[in-house]
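Numbering (the UniProt record's numbering), first residue to last: 1 to 291.
Laid out in structure tokens, this is it:
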């Protein structure tokens with residue numbers, strides 16, 4: 001194909017006519033307007049985020065001082081609240097940016113809603129874990145270090161998260177429990193604990209001497225333990241389900257101290273009763289295994 005000078009001039013004239021028809025003032029004005037709008041909304045949402053985060057920090061610090069909550073729980077709820085606020089601000093910021101650029105946000109949200117619905121069904125368990133974990137932390141149902149019973153699992157709480165709770169059993173087993181499976185919480189560390197001591201005795205034992213011996217032990221030992229919250233109550237002789245008789249003493253102690261106090265007082269009672277000539281009967285050994 002032979003390109004002549006006339007053809008080149010004609011093509012050049014076409015391009016010149018095309019460029020002369022473009023409204024450059026409008027294009028430049030629109031560009032500047034959008035850039036200024038983007039800068040305005042960027043600065044606006046940055047200021048809103050900074051102010052919102054500052055308000056959240058102040059609120060949680062004040063709440064912790066007034067409610068005397070543990071640092072672990074407050075930090076977890078604080079971090080969750082800041083993250084939720086960040087994504088909320090980010091969502092509206094992106095919505096404003098896309099609207100300025102002329103992107104059909106409504107159509108995108110409709111399509112994202114269908115995808116989100118499908119993902120939501122698959123992540124339903126995860127969402128349940130997070131929501132349940134949030135309310136566990138918010139309601140202070142238990143803290144790290146508390147002795148709890150969660151369903152069939154008992155032990156000490158070693159970690160409280162938004163998705164799982166970690167409980168260490170007395171035999172050393174570490175249990176990772178999804179928060180959605182926590183329905184009933186029995187916290188054994190929030191109030192004074194009961195200490196019940198049972199002394200197996202023969203029915204022919206001198207009950208007056210037994211009471212005096214126990215009262216003497218209580219007078220010597222109770223003042224030595226400040227963790228005892230209620231003085232011992234001597235309940236007396238009680239018949240057990242297996243037909244045996246036990247002499248029972250009940251008192252209350254601070255949580256976490258009940259086991260050591262029970263061992264100390266039981267040993268002291270047995271030693272004092274033996275010294276007084278009162279025999280403590282050894283319970284019969286049950287060799288039947290549970291079904």
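Built from N, CA and C at the ideal position, the CB exists for glycine as well.
From a predicted model like this one, the values you see are computed outputs, not experimental measurements.
Assigned exposure category for residue i - 16 Cβ within 10 Å defines buried
i	result
residue 63	exposed
residue 287	Per-residue confidence for residue 287 stands at a pLDDT of 41, beneath the threshold of 50, marking its modelled position as unreliable; the derived number appears in the next sentence. Exposed.
residue 264	exposed
residue 42	exposed
residue 259	exposed
residue 262	buried
residue 150	buried
residue 171	exposed
residue 165	buried
residue 27	exposed
residue 155	buried
residue 32	exposed
residue 205	buried
residue 213	buried
residue 44	exposed
residue 146	buried
residue 148	buried
residue 201	buried
residue 137	buried
residue 290	Reliability fails at residue 290, whose pLDDT of 42 lies under 50, so the model's placement of it is uncertain and the value that follows must be treated cautiously. Exposed, because fewer than 16 other Cβ atoms sit within 10 Å of the Cβ of residue 290.
Contact set for residue i: own chain, Cβ-Cβ below 6 Å, skip 5 residues either direction
i	result
residue 270	280
residue 233	250
residue 158	166, 168
residue 153	167, 175
residue 203	245
residue 94	none
residue 230	251, 252
Cβ distance (whole Å) where residue i is taken to contact residue j below 8 Å
i	j	result
residue 168	residue 174	5 Å
residue 181	residue 252	Contact flag wrong, Cβ pair sits at about 32 Å.
residue 278	residue 209	6 Å
residue 54	residue 78	Actually they are not in contact, since the Cβ atoms of residue 54 and residue 78 sit about 13 Å apart, beyond 8 Å.
residue 257	residue 227	4 Å
Nonlocal neighbours in the same chain, by C-beta distance under 7 Å from residue i, ignoring five residues either side
i	result
residue 217	268, 269, 272
residue 198	246, 248
residue 285	Any reading at residue 285 must be qualified, since the residue scores a pLDDT of 47, below 50, and its modelled position is unreliable; no value is offered.
residue 3	Here residue 3 scores only 49 on pLDDT, less than 50, and its place in the model is too uncertain to base an answer on.
residue 211	234
residue 224	none
residue 97	38, 41
residue 254	192, 227, 229
residue 240	246
Nonlocal neighbours in the same chain, by C-beta distance under 8 Å from residue i, ignoring five residues either side
i	result
residue 163	126, 129, 130, 133, 178, 179
residue 100	34, 37, 38, 41
residue 292	There is no way to answer for residue 292, as the model of the chain reaches only from 1 to 291.
residue 85	49, 52, 53, 56
residue 221	264, 265, 268
residue 183	151
Residue-level contact to chain B via CB, residue i, 8 Å cutoff
i	result
residue 226	Absent from the structure is chain B; it holds one protein chain and no more.
(request) Please determine if the segment 40 to 60 and the segment 85 to 95 are in contact, where contact requires at least 3 C-beta pairs separated by less than 8 Å. (result) Note that the segment 40 to 60 touches the segment 85 to 95; at least 3 beta-carbon pairs, one per stretch, sit closer than 8 Å.
(message) I'd like to know if the segment 138 to 154 and the segment 180 to 188 are in contact, where contact means that at least 3 CB-CB pairs between them fall below 8 Å.
(response) Between the segment 138 to 154 and the segment 180 to 188, the count of Cβ pairs shorter than 8 Å is three or higher; the stretches touch.
(request) Kindly provide the ranges of any alpha helix (DSSP H) runs that are 4 or more residues long and lie completely inside the segment 202 to 274, ordered along the chain. (result) Counting only runs of 4 or more, we get 207 to 221.
(request) Would you list, in sequence order, the uninterrupted beta strand (DSSP E) runs of no fewer than 3 residues that lie entirely inside the UniProt domain "Mechanosensitive ion channel MscS" (127 to 190)? (result) Complete beta strand (DSSP E) runs here, min 3: 147 to 150, 153 to 160, 164 to 168, 174 to 178, 185 to 187.
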